[in-house]
Every structure is written in structure tokens, then in C-alpha cells.
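Undergrad: For the sequence shown, the positions run 0 to 394 when numbering that gives the first Met the number 0 is used.
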Amino acid sequence: MNHLPNFQQQAQEIFDDLVRVRRELHQYPELGFEEHRTSSLVAETLQKLGYEVQRGIAQTGVIGLLEGRQPGPTVMLRFDMDALPIQEMGHSSYSSKTSGVMHACGHDGHVSMGLGLARILADYQEQMTGTLKLVFQPAEEGLGGAFAMIADGVLDAPRPDVVFAMHLWSGVPYGKIRTAVGPTMAASSVFTLTVQGKGGHGAAPHESIDPILAAAHIVTALQSIVSRNVDPQESVVVTVGQMSAGTTFNVIPDHAILKGTVRSYNNEIHHIIYRRILEMARSVSTAFRCSAMMETIAIVPAVVNAVEPTEVVNQAARLVVGSENLIHSREMASEDMGYILEEIPGCYFFIGAGNEERGLTFPHHHPQFDFEERAMVNGVATMAYAAANYLLKTR
Ligand SMILES: [Zn+2]
Ligand SMILES: [Zn+2]
Numbered sequence: 000m001n002h003l004p005n006f007q008q009q010a011q012e013i014f015d016d017l018v019r020v021r022r023e024l025h026q027y028p029e030l031g032f033e034e035h036r037t038s039s040l041v042a043e044t045l046q047k048l049g050y051e052v053q054r055g056i057a058q059t060g061v062i063g064l065l066e067g068r069q070p071g072p073t074v075m076l077r078f079d080m081d082a083l084p085i086q087e088m089g090h091s092s093y094s095s096k097t098s099g100v101m102h103a104c105g106h107d108g109h110v111s112m113g114l115g116l117a118r119i120l121a122d123y124q125e126q127m128t129g130t131l132k133l134v135f136q137p138a139e140e141g142l143g144g145a146f147a148m149i150a151d152g153v154l155d156a157p158r159p160d161v162v163f164a165m166h167l168w169s170g171v172p173y174g175k176i177r178t179a180v181g182p183t184m185a186a187s188s189v190f191t192l193t194v195q196g197k198g199g200h201g202a203a204p205h206e207s208i209d210p211i212l213a214a215a216h217i218v219t220a221l222q223s224i225v226s227r228n229v230d231p232q233e234s235v236v237v238t239v240g241q242m243s244a245g246t247t248f249n250v251i252p253d254h255a256i257l258k259g260t261v262r263s264y265n266n267e268i269h270h271i272i273y274r275r276i277l278e279m280a281r282s283v284s285t286a287f288r289c290s291a292m293m294e295t296i297a298i299v300p301a302v303v304n305a306v307e308p309t310e311v312v313n314q315a316a317r318l319v320v321g322s323e324n325l326i327h328s329r330e331m332a333s334e335d336m337g338y339i340l341e342e343i344p345g346c347y348f349f350i351g352a353g354n355e356e357r358g359l360t361f362p363h364h365h366p367q368f369d370f371e372e373r374a375m376v377n378g379v380a381t382m383a384y385a386a387a388n389y390l391l392k393t394r
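(1) Quick check: what's the CA-CA separation for Phe-78 versus Phe-248?
(2) Going by other Cβ atoms of all chains shown within 10 Å of its Cβ, with 16 needed for buried, is Glu-29 buried or exposed?
(3) Got a sec? Which residues, its chain only, sit under 6 Å from Ser-187 by beta carbon, not counting five neighbours each side?
(4) What does the Cβ neighbour count give for Pro-403, buried or exposed, with the cut at 16 atoms within 10 Å?
(5) What's the call for Ile-400, buried or exposed, on a 16-neighbour Cβ count within 10 Å?
(6) With a Cβ-Cβ cutoff of 7 Å, do Ala-385 and Phe-163 count as a contact?
(7) Going residue by residue through the stretch 227-315, where are the continuous alpha helix (DSSP H) segments of at least 4 residues, counting only ones entirely within it?
(8) Where do the ends of the beta strand (DSSP E) carrying Arg-77 lie?
(9) Buried or exposed: where does Gln-136 fall if 16 or more other Cβ atoms within 10 Å of its Cβ makes it buried?
(10) Measuring from the CB of Cys-289, is there a heavy atom of ligand 4 at a distance below 6 Å?
(11) Is Tyr-347 helix, strand or coil when you go by DSSP?
(12) Using the Cα positions of Gly-259 and Gly-358, report the straight-line distance between them to the nearest angstrom.
(13) For Met-165, which of Asp-335, Glu-356, Phe-368 and Asn-388 has the nearest alpha-carbon?
(14) Give the DSSP bridge partners of Ser-188, in chain order.
(15) If we ignore side chains and look at the alpha-carbon of each, how far apart do Gly-89 and Leu-120 end up?
(16) Per DSSP, Met-101 forms a beta bridge with which residues?
(17) Grab me the residues of Ile-208's own chain with a C-beta within less than 7 Å of its C-beta, minus the 5 sequence neighbours each way, in chain order.
(18) I need the DSSP call for Ile-176, collapsed to helix, strand or coil.
(19) How about Cys-346: is its Cβ closer than 6 Å to a heavy atom in ligand 2?
(20) Is DSSP giving Pro-210 helix, strand or coil here?
(21) By a C-beta neighbour count over all protein chains shown, 10 Å radius and 16 as the cutoff for buried, is Leu-390 buried or exposed?
(22) Based on Cα-Cα distance, which residue from Asn-265, Glu-310, Ala-202 and Ile-276 lies nearest to Thr-238?
(23) Let me make sure I understand the geometry here. Which of Asp-253, Gly-143, Val-320 and Ser-91 has the alpha-carbon closest to that of His-200?
(24) If you compare alpha carbons, which of Gln-126, Leu-212, Ser-169 and Ala-185 is closest to Met-242?
(25) What separation, rounded to the nearest whole angstrom, lies between the Cα atoms of Arg-329 and Ala-203?
(26) Here's the rule I'm using: 16 or more other beta-carbon atoms within 10 Å means buried, otherwise exposed. How should Val-283 be labelled?
(27) For Glu-233, which residues in the same chain have their Cβ closer than 8 Å to its Cβ, ignoring the five residues on either side in sequence?
(28) Among the candidates Phe-361, Val-320 and Gly-337, whose CA atom is the shortest distance from the CA of Gln-8?
(29) When the Cα of Glu-355 is compared with those of Met-292, Ile-217, Gly-170 and Ala-150, which residue comes out closest?
Structure representation (C-alpha cells):
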């Protein structure tokens, strides 16, 4: 990468613009599949920069294509655009102007970085070997935006040879970049267990079948899956996050509902866990004369990074933050980028955006979440080097 342009300097030069766009987006956050304003801003900017623009992919998604003068690989860079249904509690000058909606995950920064990259890389069209495919995705937050975009053909014509995406991350200090080969974020799914009993008077429990008692035993039994059914070398989470039953103190309810989530790095283990959840729910229910039914939804696959593209990002990150600031670990959260990486080799990585001194340490999805904006410079520069590794081959 020695003969590549100085992308770090170029990213630094557009810092004010990165901040301006990010803060503008932050004030007007939009929920998944409703990113109309954001999508228009993206499309207009790309058009002005000379990109061939396609709109309306999975409703609000935008693709910007920049074809180099010489043939070569297609490099896809993906940025998510959606906000969350959270009431912002921060007091910045750029707080959300939309009540109940907030960019609490940093996707405002992602869009801004994407447009910054569009601007920087457009200057290299003449020298480019191959095609740059910028993808701005709707609805990353649990609504399956990546899946919808794939269904709408985002990975066709031209089909990317490699794909990159990044997340600003408040859990990683500003100045650091985090990557991992192989699984980097978990496969995720949710389940609902309905435990059916027979309602009755709280003072005559022998005449009813108590689903609360059975549900409580199920919650306890589920805790053994991770410790007894999964290889200790694997990372797995089984969480029951909601338990609801009954309406008042002296009535045994008819049924109880448990809702939870499963996380793992391995889709096969995911299936083993679900088999055990169902076995336990059914047999514990039977023991208490209840019955159990399970529904599962939306298994987002694990985000799995390929070896070569990850090494490309590592090299890029070393140029930007130095090898001492390149760290490697994984995350139990999930991301619908997993769908894309199942089809195209690539790398999903994290740009450190936390800053303890400035109080920028709230976790993602917190109503006071904010990030160190200088991190956007690191993100743009790293992504530019990674893309240039494929598109600006120096001969
Ligand atoms: Zn999020
Ligand atoms: Zn996010």
C-alpha cells in the first residue's frame, strides 16, 4: 500500500464536512424503511459526485456505482442509515428534533462516512481498475434491511467480489480499530414460549394447572443449556428477557409467556440450542401438567469475516492508527451484515469511538449515546485504504 494516496490526510481535510453531515442527520433521525430524507440526501450527493445512482432498493436503499477506466474487481462498501425508537436524553446542540426517534447506534456517522468516502474516492475514477459500489442500507436495527436489499438484487449486476462495512463503536476507545478473522458478531434469534395451563382461583390451586410455576422452572432449566450442552470452547448466550403471566394476585392465569434471545457464533450450535430449549420447555411443562409451544423468529446469521479482506483491513488500520492500536476481539451483539457476508467474502470491523474524558462512553442504543466524531476520520481513511487495495493497484 506504499504508493497509495495519503487518505488519512484527505479524511482529515473533510472532517468539518463529516461532522456537519453527521449532525444534520442526527437531528432528523428516521426509523427502518422510513429513511426518506436520509436516502434523498445520499442520492443527491452521490449524483453530484458523478456516481450512477439507483434508488428504492428495499424501499429507501441507495446504490452508487463508480466505474473505473480499467476493468477489475467490484468492491462494495456498505453503510446503514436507520435510527432507533428511543427518546434522546442528551443535550447536544444537534439533538434529535423528532420525538421518540434517535440515532442511538451511530448510523448517522456511518452515512456521513459513506458520503465522505464517496467524495474522496470519486477523484480517483481515472486511475481505478474495477468498480466501486457504495450501498446505503435501510433498516439494520432488527428489521432485516440487508436481507430485503439482497432480495432486491443489491448483490447482482455487478456482483461484488469483496465487501466491507464498519461500525463506530463506543465500547472501543477512540484511536483504536478492532477486527477479527472468522466470526466477529453473533448469530441471533428470538423465541417465544407459551406455557399453557388452566386458569382458576388462587385459593384453589388444586383445581387449576399453574403455568407460572411451570414457566419459572423452565427459566431455571434453560440456564443449564450453556453450561451442559455446549462445548465450553464456544461462546453462547441464552437470555430470557421477558416473562409475562397473570393479571392480579388471586387468580391463577391460563397461560404464561417467556420471550428470549439466543446468540452464538455458529449456526449449527444455534440449532442444537433450540432443540434443547424445546425439549426442556416441553418436558418441564409436562412434569407440571402444562403444555408448551415455541415460536422462533429471524435468525440473523453470524457476521463471519474472510481471511484475506480482514488482512487488507488490518494493513489499512495499521497505516491509520498504528499497529499498537489495532486490536482483535469479538462481539456478542448481532448485525444483518451476516446475510451479506454469507454470500460475498469481506470484512466487518469496528472503529473505536468512545472517549472517557468527554463522557462518550454510553453503550449503543442508550438514550444518551454519542460518539467521538474524530473517529469518523479513522473510519474514512481505513475504508479508503481497504477499497484502494483492490481498485488502485499500483503497477
Ligand atoms: Zn444498533
Ligand atoms: Zn448499529
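For glycine and all other residues, C-beta sits at the position ideal for the given N, C-alpha and C.
TA: This is what the structure holds:
(1) If you number the sequence shown from 1, residue 78 lands on position 79. If you number the sequence shown from 1, residue 248 lands on position 249. When rounded, the distance between both Cα atoms is 50 Å.
(2) As a position in the sequence shown, residue 29 is number 30, starting the count at 1. Sixteen is the threshold: when 16 or more other Cβ atoms of the shown chains lie within 10 Å of the Cβ of Glu-29, as they do, the residue is buried.
(3) Taking the sequence shown and counting its residues from 1, one reaches residue 187 at position 188. Excluding sequence neighbours, Ser-187 sits near Arg-262, Val-299 and Ser-333.
(4) In this structure the chain extends from 0 to 394, so residue 403 is not present and cannot be described.
(5) Since the displayed the chain opens at 0 and closes at 394, residue 400 lies outside it and no answer follows.
(6) Stepping through the sequence shown from its first residue, residue 385 is reached at position 386. Stepping through the sequence shown from its first residue, residue 163 is reached at position 164. One thing to note: Ala-385 has its Cβ within 7 Å of the Cβ of Phe-163.
(7) Counting only runs of 4 or more, we get 266-286.
(8) Position 78 of the sequence shown, counted from the first residue, corresponds to residue 77. Unbroken beta strand (DSSP E) run through Arg-77: 69-79.
(9) In the sequence shown, residue 136 corresponds to position 137, counting from 1. Counting the other Cβ atoms within 10 Å of the Cβ of Gln-136 gives 16 or more, which makes it buried.
(10) With respect to ligand 4, the structure shown offers nothing to examine, as its ligands consist of ligand 1 and ligand 2.
(11) Start at 1 with the first residue of the sequence shown, and residue 347 comes out as number 348. Strand.
(12) The count along the sequence shown starts at 1 and reaches residue 259 at position 260. The count along the sequence shown starts at 1 and reaches residue 358 at position 359. For Gly-259 and Gly-358, the distance between alpha carbons rounds to 32 Å.
(13) The count along the sequence shown starts at 1 and reaches residue 165 at position 166. Out of Asp-335, Glu-356, Phe-368 and Asn-388, Asp-335 has the C-alpha closest to the C-alpha of Met-165.
(14) Here residue 188 refers to the residue found at position 189 when the sequence shown is read from its first residue. Partner residues in the beta bridge of Ser-188, as assigned by DSSP, are Val-261.
(15) Here residue 89 is taken as the residue at index 90 of the sequence shown, counted from 1. Here residue 120 is taken as the residue at index 121 of the sequence shown, counted from 1. Taking C-alpha positions only, Gly-89 is separated from Leu-120 by approximately 34 Å.
(16) One-based indexing of the sequence shown puts residue 101 at position 102. Under DSSP, Met-101 shares a beta bridge with Leu-83.
(17) Counting from 1 along the sequence shown, the entry for residue 208 is found at position 209. Cβ neighbours of Ile-208 beyond the five flanking positions: Gly-196, Lys-197, Arg-288 and Cys-289.
(18) Position 177 of the sequence shown, counting from 1, holds the residue named residue 176. In the displayed model, Ile-176 falls within a strand according to three-state DSSP.
(19) Here residue 346 refers to the residue found at position 347 of the sequence shown. Every heavy atom of ligand 2 is 6 Å or more from the Cβ of Cys-346, so no.
(20) Residue 210 sits at position 211 when you count from the first residue of the sequence shown. In the three-state scheme derived from DSSP, where H, G and I count as helix and E and B as strand, Pro-210 is classed as helix.
(21) Position 391 of the sequence shown, counted from the first residue, corresponds to residue 390. Buried, since its Cβ has 16 or more Cβ neighbours within 10 Å.
(22) Here residue 238 refers to the residue found at position 239 when the sequence shown is read from its first residue. Per the C-alpha coordinates, the member of Asn-265, Glu-310, Ala-202 and Ile-276 positioned closest to Thr-238 is Ile-276.
(23) Translated into the one-based positions of the sequence shown, residue 200 becomes position 201. Comparing Cα positions, the closest option is Asp-253.
(24) Counting from one through the sequence shown, the residue named residue 242 turns up at place 243. Ranked by Cα distance from Met-242, the first of Gln-126, Leu-212, Ser-169 and Ala-185 is Leu-212.
(25) Here the question's residue 329 lines up with position 330 in the sequence shown. Here the question's residue 203 lines up with position 204 in the sequence shown. Cα-Cα distance, rounded: 51 Å.
(26) Here residue 283 refers to the residue found at position 284 of the sequence shown. Label assigned to Val-283: buried.
(27) Here residue 233 refers to the residue found at position 234 when the sequence shown is read from its first residue. The beta carbon of Glu-233 lies closer than 8 Å to those of Ser-263, Tyr-264, Asn-265 and Ile-268 in the same chain, with the five residues before and after it left out.
(28) Translated into positions along the sequence shown, residue 8 becomes position 9. Looking from the CA of Gln-8, the closest CA among Phe-361, Val-320 and Gly-337 belongs to Val-320.
(29) As a first step, residue 355 must be located in the sequence shown, where it is residue number 356. Ranking Met-292, Ile-217, Gly-170 and Ala-150 by CA distance to the CA of Glu-355 puts Gly-170 first.
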